[in-house]
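Input: a single structure, listed below in structure tokens.
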Amino acid sequence: MSKVDYEIYKLQKRVTNGGMNRREFIKAATAMGFVATAPALYSHAAHATPKKGGTYRVGFGGANTGDMLDPADNGDTFMINMNMGGCRNALVEVNANGQAVPELAESLEPSADAKTWVVKLRQGIEFHSGKTFDADDAIASLEHHRGEDSTSDAKSVANSLGNIRKDGQNTLVFELESGNADFPYLLSDYHLLMGSADGSGKVDWASGDGTGSFVVKSFEPGVRAHMVRNPNYFKSGCANFDEVKMTAINDAAARMNAMATGQVDAIVRCDLKTAPMLEKKSGVSVIQVSGTKHFTYPMDVRQAPFNDNNVRMALKHGIDREAFVNTVLRGYGSLGNDHPISSNQNYHAGDLPQRQYDVDKAKWYLKQAGLTGLDVEIAAADAAFNGAVDATQLYSEAAKAAGINIKVNRVSPDGYWNNVWMKVPWSACYWSGRPTADWMFTIGYKAGGNWTDSYWDHARFEELLVAGRAELDEAKRNEIYVEMQTIVSNEGGVVVPCFANNVDAASDALGRPAKLAGNWELDGSRSIERWWFK
Amino acid sequence: MQNSLLRLVLRRLALGVLTLIAISLLITVGVEALSGDVCTAMMGQMASEDKVAACHRALNLDRPVHLRYIEWLVNFAQGDMGKALTNHREVVDVIGNRIGNTFFLAIASALIAIPISLALGIVAALYRNSLFDRSISMITLSGVSVPDFFIAYILMAIFAVSFGIFPAISNVDDTMALSERIVASALPVLTLTLAVSAHMMRMTRASIVSLMASPYIEMAKLKGVKPGRIIVFHALPNAWSPIIQVIMLNLAWLVVGVVIVEVVFVYPGLGALMIDAVFLRDMPIVRATAMIFASVYVILNLLADILSMASNPRLMHPK
Numbered sequence: 050m051s052k053v054d055y056e057i058y059k060l061q062k063r064v065t066n067g068g069m070n071r072r073e074f075i076k077a078a079t080a081m082g083f084v085a086t087a088p089a090l091y092s093h094a095a096h097a098t099p100k101k102g103g104t105y106r107v108g109f110g111g112a113n114t115g116d117m118l119d120p121a122d123n124g125d126t127f128m129i130n131m132n133m134g135g136c137r138n139a140l141v142e143v144n145a146n147g148q149a150v151p152e153l154a155e156s157l158e159p160s161a162d163a164k165t166w167v168v169k170l171r172q173g174i175e176f177h178s179g180k181t182f183d184a185d186d187a188i189a190s191l192e193h194h195r196g197e198d199s200t201s202d203a204k205s206v207a208n209s210l211g212n213i214r215k216d217g218q219n220t221l222v223f224e225l226e227s228g229n230a231d232f233p234y235l236l237s238d239y240h241l242l243m244g245s246a247d248g249s250g251k252v253d254w255a256s257g258d259g260t261g262s263f264v265v266k267s268f269e270p271g272v273r274a275h276m277v278r279n280p281n282y283f284k285s286g287c288a289n290f291d292e293v294k295m296t297a298i299n300d301a302a303a304r305m306n307a308m309a310t311g312q313v314d315a316i317v318r319c320d321l322k323t324a325p326m327l328e329k330k331s332g333v334s335v336i337q338v339s340g341t342k343h344f345t346y347p348m349d350v351r352q353a354p355f356n357d358n359n360v361r362m363a364l365k366h367g368i369d370r371e372a373f374v375n376t377v378l379r380g381y382g383s384l385g386n387d388h389p390i391s392s393n394q395n396y397h398a399g400d401l402p403q404r405q406y407d408v409d410k411a412k413w414y415l416k417q418a419g420l421t422g423l424d425v426e427i428a429a430a431d432a433a434f435n436g437a438v439d440a441t442q443l444y445s446e447a448a449k450a451a452g453i454n455i456k457v458n459r460v461s462p463d464g465y466w467n468n469v470w471m472k473v474p475w476s477a478c479y480w481s482g483r484p485t486a487d488w489m490f491t492i493g494y495k496a497g498g499n500w501t502d503s504y505w506d507h508a509r510f511e512e513l514l515v516a517g518r519a520e521l522d523e524a525k526r527n528e529i530y531v532e533m534q535t536i537v538s539n540e541g542g543v544v545v546p547c548f549a550n551n552v553d554a555a556s557d558a559l560g561r562p563a564k565l566a567g568n569w570e571l572d573g574s575r576s577i578e579r580w581w582f583k
Numbered sequence: 340m341q342n343s344l345l346r347l348v349l350r351r352l353a354l355g356v357l358t359l360i361a362i363s364l365l366i367t368v369g370v371e372a373l374s375g376d377v378c379t380a381m382m383g384q385m386a387s388e389d390k391v392a393a394c395h396r397a398l399n400l401d402r403p404v405h406l407r408y409i410e411w412l413v414n415f416a417q418g419d420m421g422k423a424l425t426n427h428r429e430v431v432d433v434i435g436n437r438i439g440n441t442f443f444l445a446i447a448s449a450l451i452a453i454p455i456s457l458a459l460g461i462v463a464a465l466y467r468n469s470l471f472d473r474s475i476s477m478i479t480l481s482g483v484s485v486p487d488f489f490i491a492y493i494l495m496a497i498f499a500v501s502f503g504i505f506p507a508i509s510n511v512d513d514t515m516a517l518s519e520r521i522v523a524s525a526l527p528v529l530t531l532t533l534a535v536s537a538h539m540m541r542m543t544r545a546s547i548v549s550l551m552a553s554p555y556i557e558m559a560k561l562k563g564v565k566p567g568r569i570i571v572f573h574a575l576p577n578a579w580s581p582i583i584q585v586i587m588l589n590l591a592w593l594v595v596g597v598v599i600v601e602v603v604f605v606y607p608g609l610g611a612l613m614i615d616a617v618f619l620r621d622m623p624i625v626r627a628t629a630m631i632f633a634s635v636y637v638i639l640n641l642l643a644d645i646l647s648m649a650s651n652p653r654l655m656h657p658k
């Protein structure tokens, strides 16, 4: 390849990876002398058409020997990719633009108050076992997560689905307790997948039987999984590989090595330290997509000194966010503004000024609180997020300039969520984020919630939360959520220094859609059904 | 003589069973002492009181620990290892998949490491204090001084990344032919060989050298026996005992101590399984793997003693 060819190839790669639009590409290509052929080169890169064939080998982190095909227990990438992107489908999926679109559902119609939702199911869809998918399967699959004995990670989501009844074999009616305009998103939860029910309304999850793009051939928890294409898959342009071989590679260095030596075609979660080196390797692309994952420092606002908002504001101004993104995330992320809604999500408050590291303001707020200095303790372990201990030290150093003395208490990562988080007044934490503003606020910020880690209770916020949920008018909803983000940012009990990008790597032999989904790693955890070999 | 050997074996086996029971008790107490249990470990950040309570009910974890332990012991004595608490797979199946991998790795490494270190030890003793002796000592001692994961990464950088001879991850499975399996496990085997050779080689050399000043060696020298012959036929038979002990110790380590190498090479062995199970507080798997590891130690120690006796006429025929 000549130098010029290589340059244009690099530009095309950026287009394919979603890092460059048509206008930018044509401008750059024309400057390099490709005057007549620039548009064709662009469309070649942007609209590569899926081809069938090949064995897709992927290396995943986040696998363990306790994994199972029951989606109620799924919580990390290996199982989410295998279940949601592989052998099963949900009623609704989130597309690359972050919109909820019907998957096994055909349509979702709300009543005027968004309290009753009629969901029509796709007809003629078959499970791998040959059984036809219908309303009984859907009800059994959803009820699996509810009830007193449920240990499902989706228990609270499933409980919010209200009363579920069927209206004929292909229609479900959901009667919610209060209106929810985001209802379709709830059904896209990666736990709420459809399995085939037996006569008694139970689903045999362990069989792996689903409607998904690939059929499970073998599965060894925490080690590997092997799947073959479902020839009857209902989505067009999907399920392009002949086979999929998933390998559990929990060690980040081993995962990078497997990718660098070509033993796998793609990996999830690059090691950020060595990602720039992998990027230099020809034939491999590091894929960066901004998502909803964010790191946080929740304070228990019921306890002194965090019960004083001035102290919280002082602490929010005492963190160097730029340094945080550049060192902890090695640049693979963006600044947080002390609320949990990321810039690529609907209703993001883009006009809210970006909070900066500001020693004078931090001092000013301390003065408002009647303090000249502040001594606080924070607990951190790398279980909270990768590099949490170092990151918190960095925070501590930056805050010193404002007279804030943060003592970093390094605790054991084992049992962190059980013993430390929400148990001590201030700790490090992460959230993978939720697809909608309402969902994120409800699970992490609503007063009295199980996971409201700041124990925050704000009357106006609660009022807006209820109003926003049932509001079907987009403009009004936007107003509500912007105000909520402003309240959380200025009065909430959580420091949100940054949003982390999803950073994966893939071989250039793989074809990918022009725009990748950011709701999960590896194209929204759906590379298995969406990608192909060129 | 056979009687004394038989008595020793029986006594040691009985002691071994007691050891196993003591270890199972220690492991149980140890894992119970850790914070949380399998339910909170599985749910992690998303745990809530009602879910944890439901999980305890489902897994029968609301009963006191000593009752659960006794029940396990009774079942284990009857050969029933129970089911994993996390995904309810039979422990026999979970372990069955991996035990072969672990022993394959240990045996393959031992097959290379033992003959090489014995031979090097003998040659080093023969040419002791020569340049050869010193360089062999230096090389093997460097191998044992560097942490095994570092050796692993160095080998990976050379053989997988630069030259691409062997794969960087050793993702072995049951469907592989022996030749494929050997290629796939080449780097972990090489890493382990480097890690254990020094100890065995140094012990061989030291125990031979310590005998070289004995009167009967002096006698052999005066008779004009060649140095090589003196070492192999006169010194070595009397040096076996400590060498065997060290070999067995290293064999046991090859089975139970290779977790880091398993993680680095993504090798599906028992060590990584046990670590996973401890993190998840999956007691049946923790206990089962602990029993296997403990048995390996008990059996290899017994074997070492029997072989030491067999190699030592004075122990074989006590006055």
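Here the protein sequences come in this chain order: A and B. According to this note's numbering, the first sequence is numbered sequentially starting from 50. According to this note's numbering, the second sequence is numbered sequentially starting from 340. Glycine included, each C-beta is placed from N, C-alpha and C at the ideal position.
- Taking all protein chains in view, the Cβ of B:Val368 is surrounded by fewer than 16 other Cβ atoms within 10 Å, so the residue is classified as exposed.
- In this structure, DSSP gives A:Asn458 an extended state, which the three-state scheme calls strand.
- Listed by position along chain A, the residues whose Cβ is nearer than 7 Å to that of B:Asp472 form an empty set, because the closest Cβ is around 37 Å away.
- Sequence-distant Cβ neighbours of B:Ala537 in its own chain, meaning closer than 6 Å and more than five residues away, are Thr479, Leu480, Gly482 and Val483.
- For the stretch 192–224 of chain A, the set of positions with a beta-carbon nearer than 7 Å to some beta-carbon of chain B reads Glu197, Asp198, Ser199, Thr200, Asp202 and Lys204 in chain order.
- Between the alpha carbons of A:Asp502 and A:Pro347 lies a distance of about 6 Å.
- Annotation note: the stretch 496–580 of chain B contains no uninterrupted beta strand (DSSP E) run of length 3 or greater.
- The alpha-carbon separation between B:Val348 and B:Leu641 amounts to approximately 7 Å.
- Annotated as distal: A:Pro151 and A:Asn132, with beta-carbon spacing of 8 Å or more.
- In summary, the residues of the stretch 268–299 of chain A whose CB is separated from some CB of chain B by less than 8 Å are Glu269, Pro270, Gly271, Val272, Arg273, Thr296, Ala297, Ile298 and Asn299, in the order they occur in the chain.
- Assigned with DSSP and collapsed to three states, B:Gln384 falls in helix.
- Annotated three-state conformation of A:Glu197 is coil, per DSSP.
- The beta carbon of B:Arg402 does not come within 8 Å of any beta carbon belonging to chain A, so the residue lies off that interface.
- Here A:Asp400 is exposed, its C-beta having fewer than 16 other C-beta atoms within 10 Å.
- Between A:Asn454 and A:Val277, the alpha-carbon positions lie close to 57 Å from each other.
- In this model, A:Gly115 and B:Lys422 are separated by some 11 Å (Cα to Cα).
- In its chain, beyond the 5 residues on either side, Glu155, Ser156 and Thr220 have a beta carbon closer than 6 Å to the beta carbon of A:Lys169.
- Within the stretch 90–158 of chain A, complete beta strand (DSSP E) segments of at least 3 residues are found at 104–109, 141–143 and 149–151, given in chain order.
- Assignment of B:Cys378 by DSSP, reduced to helix, strand and coil, places it in the helix class.
- Look at A:Met305 here: in three-state DSSP terms it is helix.
- The shortest C-alpha to C-alpha distance from A:Gln352 to any of A:Tyr504, A:Met81 and A:Gly573 is the one to A:Tyr504.
- The shortest C-alpha to C-alpha distance from A:Asn458 to any of A:Asp369, A:Val473 and A:Lys449 is the one to A:Val473.
- Take A:Ala301, set aside five residues on each side of it, and the residues of its chain with a beta-carbon closer than 8 Å to its own are Gly110, Arg318, Cys319 and Asp320, in chain order.
- Against chain B, the CB of A:Ala496 has no partner CB under 8 Å away; the residue lies outside that interface.
- Our two residues, B:Arg350 and B:Asn577, have alpha carbons roughly 26 Å apart in a direct line.
- One alpha carbon belongs to A:Ala207, the other to A:Phe223, and they sit about 11 Å apart.
- Residues of the stretch 108–128 of chain A that bring their beta carbon within less than 9 Å of a beta carbon in chain B comprise Gly108, Asn113, Thr114, Gly115, Asp116, Met117, Leu118, Asp119, Asp122 and Gly124, in sequence order.
- Neighbours of A:Thr310 across chain B, judged by C-beta separation under 8 Å: Ala499, Val500, Gly503, Pro506 and Ala507.
- Short of 7 Å from the beta carbon of A:Arg579, and not among the five residues preceding or following it, lie these beta carbons of its own chain, in chain order: Cys287, Pro562 and Asp572.
- A distance of 8 Å or more separates the beta carbons of A:Phe268 and A:Asn279.
- Taking a 10 Å sphere around the C-beta of B:Arg541, we find 16 or more other C-beta atoms and assign the residue as buried.
- Secondary-structure assignment with DSSP links B:Lys422 through a beta bridge to B:Glu429.
- Judged by DSSP secondary structure, A:His366 falls within the alpha helix (DSSP H) whose first and last residues are Asn358 to His366.
- Between A:Met533 and A:Phe582, the CB-CB gap reaches or exceeds 8 Å.
- For A:Thr345, the uninterrupted beta strand (DSSP E) run begins and ends at Val333 to Pro347, by DSSP.
- The stretch 517–529 of chain A makes no contact with the stretch 329–342 of chain A; the number of CB pairs closer than 8 Å stays below 3.
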